[in-house]
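Trainee:
2 protein chains.
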Amino acid sequence: MRADAARNRDKIIEAARVAFRTRGYDAPLDDIAKAAGVGAGTLYRHFPTRESLVDAVMQAWVERVNDAVGKVRAEGGTSRELLLRWFQQYVELISVHKGGPAKITLAMEDDASPMRTKCHTLRAANTQIIEQLGDDLRPGVDSLQFARLVGGIASVVDQGNLPAESVGPMLEVVVDGLLV
Amino acid sequence: MRADAARNRDKIIEAARVAFRTRGYDAPLDDIAKAAGVGAGTLYRHFPTRESLVDAVMQAWVERVNDAVGKVRAEGGTSRELLLRWFQQYVELISVHKGGPAKITLAMEDDASPMRTKCHTLRAANTQIIEQLGDDLRPGVDSLQFARLVGGIASVVDQGNLPAESVGPMLEVVVDGLLV
DNA sequence: CCACAATACGGAGACAGTCTCCACTTAGCA
DNA sequence: TGCTAAGTGGAGACTGTCTCCGTATTGTGG
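Protein chains in written order, with numbering that gives the first Met the number 0: chain A, 0 to 179; chain B, 0 to 179.
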């Protein structure tokens, strides 16, 4: 990639980051292009779909997930405490942007999604937790089921503008259902 | 309402029913108006928002819910069986149209939604089940939490185009978490 | 039966967002 | 320094939403 192209790419990502945070994922792409000081064509060449732009914006986030899972695992406690803490973290992580939970949870199901890197990170994190749980986990549950169950809750809370506290009781239900 | 107005209203609803089923909830409203043989203005007068049109289309559905809850309650069995059967029904009921689960589950949180009639029907049905469960239910769980937990799962399955069988295992997790 | 409000109709067109196309510009190599 | 592949930008085509208002229809009171 030519140096000027790389520069423009960065400018677009930065403008998109701001726009997504303040206006949500519906922010008009032409506006983002304008804010970045480039033409619409340039934006669409770098990011053919809205999704691929979202993906680029969320790059840094992958590292946060790996940090979080390490921290949760290190803290110890019962399996129930571990799982609940992880799910709380999980919800927070996928809720960084408005509309994030649904977007990420859906992308989980779609191998062709431009967000699959992010999904793999999350699934890998879930797998680490599952390993630590060992025999305490209901048999047959995998990282994808974690993602769906908790992602479903996070989506409802996010899209319904529910207070963050309403997550806890729902997660407890799921946690108790997941442990033997 | 004038007779011709009522006639047009019906034509619009019928056209919308077809369009929503075949094209999903994104079907252009102008197209629906055209299919109904009326102008766009007429459609928008009767149904100021897309949501209110969806609401009208789903009217008959309310009766199905009441049937279903009666049947599930009558069949007997353990609390676990009852709840699982109801949740299966619940998912089916809110999945009649593509995009239905998320739409209904979100509307649950919004008293101003034009779909609130439908939501109340569902919550009332949940309440009937909760009553039947009596002391077997985890304390503090209400009809809205039912809606969120099961609605979250249904949304993921619906939007991710997952096979219908994938609902079962997730529901079992939630059921086991909900019973004491 | 008919005249005349009140009610309803319809579709042109304003508006907003998405995305493409291509004449022009620029980076970077030989 | 000149050449060319790579990159740019923004006009405008296209699609869907929604409003406005001149026209048409309904049904009622005289």
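Every residue, glycine too, gets a C-beta built ideally from N, C-alpha and C.
Beta carbons nearer than 8 Å to chain B: which residues of the segment 127-150 of chain A have them?
Mentor: R137, G139, V140, Q144, R147, L148 and G150
Trainee: Closest to A:Y43 by C-alpha separation, out of A:L81, A:L161, A:L132 and A:A4, would be which residue?
Mentor: Here residue 43 of chain A refers to the residue found at position 44 of the first sequence. Looking from the CA of A:Y43, the closest CA among A:L81, A:L161, A:L132 and A:A4 belongs to A:A4.
Trainee: Please confirm if B:V166 has its CB atom under 8 Å from at least one CB of chain A.
Mentor: Taking the first residue of the second sequence as 1, we reach residue 166 of chain B at position 167. Judged by the 8 Å Cβ criterion, B:V166 is not in contact with chain A.
Trainee: How many angstroms separate the CA atom of A:A106 from the CA atom of A:R115?
Mentor: The residue given as residue 106 of chain A occupies position 107 in the first sequence. The residue given as residue 115 of chain A occupies position 116 in the first sequence. In a straight line, the C-alpha of A:A106 is about 7 Å away from that of A:R115.
Trainee: At a CB-CB cut-off below 7 Å, which residues of chain B make contact with A:M169?
Mentor: The sequence position of residue 169 of chain A within the first sequence is 170, counting from 1. Result: Q144, R147 and L148.
Trainee: In terms of alpha-carbon separation, which member of A:P162, A:L161, A:R147 and A:D66 lies closest to A:L177?
Mentor: Locating residue 177 of chain A in the first sequence gives position 178, where the first residue counts as 1. The shortest Cα separation from A:L177 among A:P162, A:L161, A:R147 and A:D66 belongs to A:R147.
Trainee: From this set, A:D29, A:L143 and A:D30, which residue's C-alpha is nearest B:M169's C-alpha?
Mentor: For the purposes of this step, residue 169 of chain B is taken as the residue at position 170 of the second sequence. Checked all of A:D29, A:L143 and A:D30; the closest Cα to B:M169 is A:L143.
Trainee: Near B:N65, which residues of its chain fall below 8 Å by C-beta distance, leaving aside the five closest residues on each side in sequence?
Mentor: In the second sequence, residue 65 of chain B corresponds to position 66, counting from 1. So the list reads T120 and A124, once near-sequence residues are dropped.
Trainee: Taking B:L161 as the query, report the chain A residues whose CB atoms sit under 7 Å from its CB, ordered along the chain.
Mentor: In the second sequence, residue 161 of chain B corresponds to position 162, counting from 1. The contacting residues are E108.
Trainee: Checking the sheet assignment: what are the DSSP bridge partners for B:L105?
Mentor: By one-based count along the second sequence, residue 105 of chain B stands at place 106. Paired residue(s): none; B:L105 is not in a bridge.
Trainee: On the premise that B:K97 lies in contact with B:D54, defined as a C-beta separation below 8 Å, what is that separation, rounded to the nearest angstrom?
Mentor: Numbered from 1 along the second sequence, position 55 holds the residue referred to as residue 54 of chain B. Numbered from 1 along the second sequence, position 98 holds the residue referred to as residue 97 of chain B. The pair is not a contact, with the Cβ atoms about 16 Å apart (cut-off 8 Å).
Trainee: Do you know offhand how far A:G76's Cα is from A:D157's?
Mentor: The residue labelled residue 76 of chain A in the question sits at position 77 within the first sequence. The residue labelled residue 157 of chain A in the question sits at position 158 within the first sequence. So the two alpha carbons sit approximately 29 Å from each other.
Trainee: Any beta carbon of chain A sitting closer than 8 Å to that of B:T77?
Mentor: Translated into the one-based positions of the second sequence, residue 77 of chain B becomes position 78. No, its Cβ sits nowhere closer than 8 Å to a Cβ of chain A.
Trainee: Within the present structure, is the beta-carbon of A:D135 separated from the nearest heavy atom of the ligand PLP by less than 7 Å?
Mentor: No copy of the ligand PLP occurs in the structure displayed, which carries no ligand at all.
Trainee: For the 8 Å Cβ check, are there 3 or more pairs between the segment 71-91 of chain B and the segment 127-143 of chain B?
Mentor: yes
Trainee: With DSSP as the reference, label A:L178 as helix, strand or coil.
Mentor: What you label residue 178 of chain A is simply residue 179 of the first sequence in a count that begins at 1. Correct three-state label for A:L178: strand.
Trainee: Might you give, ordered along the chain, the residues of its own chain that have their beta carbon closer than 6 Å to the beta carbon of B:S112, omitting 5 neighbours on each side?
Mentor: Position 113 of the second sequence, counting from 1, holds the residue named residue 112 of chain B. A106, listed in sequence order.
Trainee: Taking C-beta pairs closer than 8 Å, name the residues in chain B that A:I152 reaches, listed in chain order.
Mentor: For the purposes of this step, residue 152 of chain A is taken as the residue at position 153 of the first sequence. Near A:I152 (Cβ distances below 8 Å), the residues of chain B are R147, L148 and G151.
Trainee: Below 8 Å on C-beta distance, what does A:L105 contact in chain B?
Mentor: For this step, residue 105 of chain A is matched to residue 106 along the first sequence. Simply V155, Q158 and G159.
Trainee: Would you kindly check if the distance between the Cβ of B:S154 and the Cβ of B:T104 is under 8 Å?
Mentor: Looking up residue 104 of chain B in the second sequence gives position 105. Looking up residue 154 of chain B in the second sequence gives position 155. Note that the C-beta distance between B:T104 and B:S154 is below 8 Å.
Trainee: With a threshold of 16 other CB atoms inside 10 Å of the CB of A:G36, please say whether the residue is buried or exposed.
Mentor: What you label residue 36 of chain A is simply residue 37 of the first sequence in a count that begins at 1. Exposed: under 16 other Cβ atoms inside 10 Å.
Trainee: Would A:D25 pass as an interface residue toward chain B - the criterion being a Cβ-Cβ separation below 8 Å?
Mentor: For the purposes of this step, residue 25 of chain A is taken as residue 26 along the first sequence, with counting starting at 1. So no, A:D25 is outside the interface.
Trainee: Would you kindly work out how many angstroms separate the C-alpha atoms of B:N160 and A:E108, rounded to a whole number?
Mentor: Locating residue 160 of chain B in the second sequence gives position 161, counting from the first residue. Locating residue 108 of chain A in the first sequence gives position 109, counting from the first residue. Going from the Cα of B:N160 to the Cα of A:E108 covers about 8 Å.
Trainee: From the DSSP output, which residues share a beta bridge with A:G136?
Mentor: By 1-based counting over the first sequence, the position of residue 136 of chain A is 137. The residue you asked about is not Gly; residue 136 of chain A is Leu in the sequence shown. According to DSSP, A:L136 bridges with A:L178.
Trainee: In or out: A:D9 buried (at least 16 other Cβ within 10 Å) or exposed?
Mentor: Sequence index remark: in the first sequence, residue 9 of chain A carries index 10 (1-based). Flag for A:D9 reads exposed.
Trainee: For a contact defined as C-beta to C-beta under 8 Å, what are the partners of A:G176 on chain B?
Mentor: On the first sequence, position 177 is the one that residue 176 of chain A refers to. Residues of chain B passing the Cβ test: E171, V172, V173, V174, D175, G176 and L177.
Trainee: Which two residues bound the contiguous alpha helix (DSSP H) that contains A:Y89?
Mentor: On the first sequence, residue 89 of chain A is found 90 positions in, with the first residue counted as 1. Counting along the chain, the alpha helix (DSSP H) containing A:Y89 begins and ends at S78 to I93.
Trainee: First and last residue of the alpha helix (DSSP H) that includes A:L65?
Mentor: Within the first sequence, residue 65 of chain A is the residue found at index 66, counting from 1. Note that residue 65 of chain A is Asn in the sequence shown here, rather than Leu. Unbroken alpha helix (DSSP H) run through A:N65: W60 to A73.
Trainee: Whose C-alpha, out of A:W60, A:F46 and A:A26, is nearest the C-alpha of A:N7?
Mentor: If you number the first sequence from 1, residue 7 of chain A lands on position 8. Of the candidates A:W60, A:F46 and A:A26, the one whose C-alpha sits nearest the C-alpha of A:N7 is A:F46.
Trainee: For A:A39, which residues from the same chain have a beta carbon less than 6 Å from its beta carbon, with the 5 sequence-adjacent residues on both sides left out?
Mentor: To locate residue 39 of chain A, count along the first sequence from 1; it is residue 40. Counting only Cβ-Cβ distances below 6 Å, and skipping sequence neighbours, we find D29 and A32.
Trainee: What is the rounded straight-line gap between the Cα of A:P100 and the Cα of A:Y24?
Mentor: Position 101 of the first sequence, counted from the start, is the residue given in the question as residue 100 of chain A. Position 25 of the first sequence, counted from the start, is the residue given in the question as residue 24 of chain A. C-alpha separation (whole angstroms): 12 Å.
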